[in-house]
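Read through the structure below, which is laid out as structure tokens, and then see the notes.
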Amino acid sequence: MVDVLYVEDNPNDADIFGRLIRKMNRPITYTVLESGADAVDYLTGQGRYKNQPHSLPKLVLLDLNLNGISGVEVVQQARSIDRTRFLPIVAFSTSDSPHDIKSAYEAGVNAYVVKPGSYQATGSLISKLCDFWLENNTRMDHR
């Protein structure tokens with residue numbers, strides 16, 4: 001089972017995320033997807049994931065400003081089907097715009113987190129997110 005699905009179209013941010021997860025020295029498995037379309041396919045078992053059975057991640061960290069299908073659209077599609085209706089999805093964005101925050105919550109995110117500016121602060125935040133969502137949150141599993 002993948003612990004964290006990180007949806008991020010910026011390769012530098014995706015690389016930083018991977019380095020920070022490995023630096024935590026905890027057994028956290030993760031997958032990085034580069035587009036909203038890939039995320040929808042992964043979560044719904046469609047497209048290239050159609051014949052690849054896989055369980056849902058424990059947490060989705062989702063950039064909102066994706067090329068093509070936006071993060072908000074990913075959330076809307078995830079919330080529209082039973083399999084992913086209650087999947088923890090956290091918006092992880094550089095935007096602190098009230099409009100973006102409102103749109104994300106209206107779509108159904110569980111939390112909205114603004115990416116910090118520094119590597120150290122980002123590492124601390126990712127560690128806290130993993131602590132809460134992977135260790136302390138009681139989630140509803142869907143088969």
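FYI, full-length UniProt numbering numbers position 10 of the sequence shown as 10, with every residue one higher than the one before it.
Heads up, the beta-carbon is just placed ideally off N, CA and C, and yes, glycines get one too.
Q. Quick one: what does DSSP say Thr138 is sitting in, helix, strand or coil?
A. coil
Q) Anyone know if the C-beta pair for Tyr112 and Ile16 falls short of 8 angstroms? A) no
Q. What distance in whole Å lies between the Cβ atoms of Val7 and Gly47, which are believed to be in contact at a cut-off of 8 angstroms?
A. Contact doesn't hold; Cβ gap of about 14 angstroms is too wide.
Q | Val74 versus Ala39: straight-line alpha-carbon distance, rounded | A | 7 angstroms
**Q.** Phe86 - DSSP class collapsed to helix/strand/coil
**A.** coil
Q | Beta-carbon proximity list for Arg26, same chain, < 8 angstroms, skipping 5 on both sides | A | Cys130
(Q) Here's a check: name, in chain order, each residue in its chain whose Cβ is nearer than 8 angstroms to the Cβ of Asp3, leaving out the five neighbours to either side. (A) Ile28, Thr29, Tyr30, Pro57, Lys58, Leu59, Cys130, Leu134
**Q.** C-beta atoms of Val91 and Leu62 nearer than 8 angstroms
**A.** Reading the sequence as shown, one finds Ala at residue 91 and not Val. Yes, they are a contact pair.
Q: With DSSP collapsed to three states, give me the class of Ser93.
A: strand
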